[in-house]
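Student: Residue numbers (the working numbering): 18 to 251.
We treat Cβ as the ideally placed atom computed from N, Cα and C, and that holds for glycine.
All values reported here derive from a predicted model rather than from experimental measurement.
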Amino acid sequence: MTQQAAQRVLVALIVAACIAVTALWIVASMRRDAQRHRQPDAVMQGGAASTMDDGQAVQPRPLREFQLTDRYGQPFDSKDLKGKVWIASFFFTRCPTVCPQVLAQTSELQKRLSQWPGWKDIRLVSITVDPQHDTPAVLDERAKLWNADAKQWLFLTGDKEAIWSLTKARDGFMLAVGDARPGDAMTIAHSSRFVLIDAQHRVVGYYDALDEEKREAMVRELKRLVPAGDADGG
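1) Starting from the C-beta of residue 266, find all residues in its chain whose C-beta is less than 8 Å away, skip the five residues before and the five after it, and write them out in chain order.
2) Pick out whichever of 223, 241, 228, 237 has its Cα sitting closest to the Cα of residue 106.
3) Starting from residue 87 and walking both ways along the beta strand (DSSP E), at which residues does that stretch end?
4) Can you find the residues in the same chain that come closer than 7 Å, C-beta to C-beta, to residue 243, ignoring five residues on each side of it along the sequence?
5) Just tell me which of 96, 231, 212 has its CA closest to the CA of residue 78.
6) Since I believe residue 88 is in contact with residue 160 (beta carbons under 8 Å), could you give me their beta-carbon distance rounded to a whole number of angstroms?
7) Are residue 143 and residue 172 touching if we call contact CB-CB under 8 Å?
8) Checking the sheet assignment: what are the DSSP bridge partners for residue 163?
9) What does the alpha-carbon distance come out to for the pair residue 229 and residue 92?
10) Return the chain-ordered list of same chain residues with a C-beta closer than 6 Å to the C-beta of residue 183, the five sequence neighbours on each side being excluded.
11) What residues in its chain sit with their C-beta under 8 Å from that of residue 75, if we drop five residues either side in the sequence?
12) How far does the alpha helix (DSSP H) with residue 123 in it extend, from its first residue to its last?
13) Classify residue 153: buried if its beta carbon has 16 or more other beta carbons within 10 angstroms, exposed otherwise.
14) For residue 96, which option in 241, 238, 239, 214 has the closest C-alpha, if you only look at C-alpha atoms?
15) If you drop the 5 nearest sequence neighbours on each side, which residues of the same chain put their C-beta closer than 6 Å to that of residue 170?
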């Protein structure tokens with residue numbers, strides 16, 4: 018091998034090493050962001066923040082009624098969910114880290130539960146925390162990407178103040194949401210939890226969407242709450 022050829026090989030190896038190091042740094046950064054947003058939420062109670070454990074049922078708590086807008090630009094009233102057992106989650110389409118994972122797990126829930134006899138009495142509800150960007154058209158595009166059943170898996174948007182209030186309020190979902198810290202990959206900090214709501218429109222459980230054990234616990238509780246659950250042993 019000539020000296021010139023050897024130099025070319027050395028340069029190529031250095032470039033490849035730099036690319037590999039950069040890729041590892043990006044992956045590590047994304048994992049740090051994801052882990053940071055999987056920490057226990059600061060749940061608002063009486064104006065003060067408290068840490069909430071998840072992965073189990075909680076004392077049923079009435080959820081206030083709300084009005085938002087669906088992926089087709091049509092008004093949506095939470096009264097339409099009465100009599101259904103549903104799973105709520107929060108996301109935004111510009112989120113580069115946790116949100117795609119939460120939506121992926123919601124998609125898996127749709128595939129799994131759609132094969133179950135109680136599916137008709139279940140709803141999946143994904144609410145954006147970035148409504149100024151996530152218009153109905155944007156949500157419709159994202160819903161199609163995940164093959165969301167238009168009747169069973171709802172994508173909702175609306176007024177930012179109303180959504181953030183619903184997310185944090187004591188009579189809402191009692192989950193943290195707010196502007197992210199400078200330099201954070203997430204421009205909006207929010208919970209990665211699934212929230213289980215029963216047919217009486219009461220919050221009955223919080224479950225980490227990114228934790229398989231917690232998701233399994235949620236599915237067991239959901240099946241217990243749906244009438245058809247008795248048919249297959251819950």
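Tutor: The relevant details are as follows:
1) Residue numbering for the chain in the displayed model covers 18 to 251; residue 266 lies beyond these limits and cannot be assessed.
2) Numbered from its first residue, the sequence shown carries residue 106 at position 89. With distances taken between Cα atoms, residue 106 lies closest to 223.
3) Here the question's residue 87 lines up with position 70 in the sequence shown. For residue 87, the enclosing beta strand (DSSP E) begins and ends at 84–87.
4) As a position in the sequence shown, residue 243 is number 226, starting the count at 1. Excluding residues up to 5 positions away in sequence, 102, 135, 138, 139 lie with their Cβ nearer than 7 Å to the Cβ of residue 243 in the same chain.
5) Taking the sequence shown and counting its residues from 1, one reaches residue 78 at position 61. It is 212.
6) On the sequence shown, residue 160 is found 143 positions in, with the first residue counted as 1. On the sequence shown, residue 88 is found 71 positions in, with the first residue counted as 1. About 5 Å separates the two Cβ atoms, so the contact holds.
7) On the sequence shown, residue 143 is found 126 positions in, with the first residue counted as 1. On the sequence shown, residue 172 is found 155 positions in, with the first residue counted as 1. Closer than 8 Å, so yes.
8) Along the sequence shown, read from residue 1 onward, the residue named residue 163 stands at position 146. According to DSSP, which records beta bridges pairwise, residue 163 is partnered with nothing at all.
9) Residue 229 sits at position 212 when you count from the first residue of the sequence shown. Residue 92 sits at position 75 when you count from the first residue of the sequence shown. Residue 229 and residue 92: Cα-Cα distance of roughly 34 Å.
10) As a working mapping, residue 183 is identified with position 166 in the sequence shown. If we look at residue 183 and ignore the five residues flanking it on each side, its Cβ neighbours are 83, 189.
11) The residue you call residue 75 lines up with position 58 of the sequence shown. Around residue 75, the same chain offers 220, 221, 222, 223 as residues with beta carbons nearer than 8 Å, after the five sequence neighbours per side are excluded.
12) By 1-based counting over the sequence shown, the position of residue 123 is 106. Bounds of the alpha helix (DSSP H) holding residue 123 are 115–130.
13) As a working mapping, residue 153 is identified with position 136 in the sequence shown. The residue in question, residue 153, is buried, as its Cβ has 16 or more Cβ neighbours within 10 Å.
14) As a working mapping, residue 96 is identified with position 79 in the sequence shown. When only C-alpha atoms are compared, the closest one is 214.
15) If you number the sequence shown from 1, residue 170 lands on position 153. Contacts found: 127, 141.
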